[in-house]
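All the letters of the sequence shown, read from the start, carry residue numbers 23 to 131 under the working numbering. Every residue, glycine too, gets a C-beta built ideally from N, C-alpha and C. The structure displayed is predicted, hence computed values, not measured ones. Report on the structure given below.
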Amino acid sequence: MGNYYTGWTSFMPRPGTVDKKDCPVCGVGMKVKRNCNGPTSSIGAQFGQKTLHDWFYCEDSDSNWHIQAMKLMQEAEKTPSMDLQKIYEKEIARILKNKKATKKVSKHF
């Protein structure tokens with residue numbers, strides 16, 4: 023499986039509580055695996071915790087364009103500058119329209 027970022031490209035609600043979910047990055051309907059039994063966080067994984075959950079994930083989350091768009095969205099959220107936010111949003115729109123990155127980015131934060 024690819025790189026999933028909880029809250030961006032991966033969601034793990036209680037079983038049956040969410041019917042469908044669109045990816046907040048690209049807007050495409052997320053794939054879902056129902057009734058998974060396993061950790062829902064990195065801490066849970068460290069302690070071997072198992073929780074019954076549904077797993078929603080975006081199939082494009084490993085694509086360079088998707089990673090770049092997500093990182094730019096995060097920067098747009100963080101910046102205190104409206105001008106910079108508009109610049110980020112313009113590039114995000116171009117990336118999502120073409121499904122092509124404007125720059126190679128690291129998959130890691």
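- Item | With 16 other Cβ atoms within 10 Å as the buried cut-off, status of residue 105 | By one-based count along the sequence shown, residue 105 stands at place 83. Exposed, by the Cβ-count rule.
- Straight-line Cα distance separating residue 73 from residue 67: Residue mapping note: residue 67 aligns to position 45 of the sequence shown, counting from 1. Residue mapping note: residue 73 aligns to position 51 of the sequence shown, counting from 1. Looking at the two C-alpha atoms, the distance is approximately 10 angstroms.
- Given that a residue counts as buried once 16 or more other Cβ atoms are within 10 Å of its Cβ, and exposed if not, what is residue 47? On the sequence shown, position 25 is the one that residue 47 refers to. So residue 47 counts as buried.
- Item | Extent of the continuous alpha helix (DSSP H) run through residue 66 | Taking the first residue of the sequence shown as position 1, residue 66 is located at position 44. From DSSP, the alpha helix (DSSP H) with residue 66 extends over 64 to 68.
- Query: If we call anything under 8 angstroms between Cβ atoms a contact, is residue 82 one with residue 50?
  - Reply: Numbered from 1 along the sequence shown, position 60 holds the residue referred to as residue 82. Numbered from 1 along the sequence shown, position 28 holds the residue referred to as residue 50. The criterion of a C-beta distance shorter than 8 angstroms is satisfied by residue 82 and residue 50.
- Item | Inside the stretch 85 to 123 only - beta strand (DSSP E) runs reaching at least 3 residues | With a minimum length of 3 residues, no continuous beta strand (DSSP E) run stays inside the stretch 85 to 123.
- Query: Quick one: what's got a C-beta closer than 7 angstroms to residue 87's C-beta in the same chain, skipping five residues either side?
  - Reply: Taking the first residue of the sequence shown as position 1, residue 87 is located at position 65. Excluding the 5 residues flanking it on each side, residue 87 has same chain C-beta neighbours closer than 7 angstroms at 117, 121, 122 and 123, in chain order.
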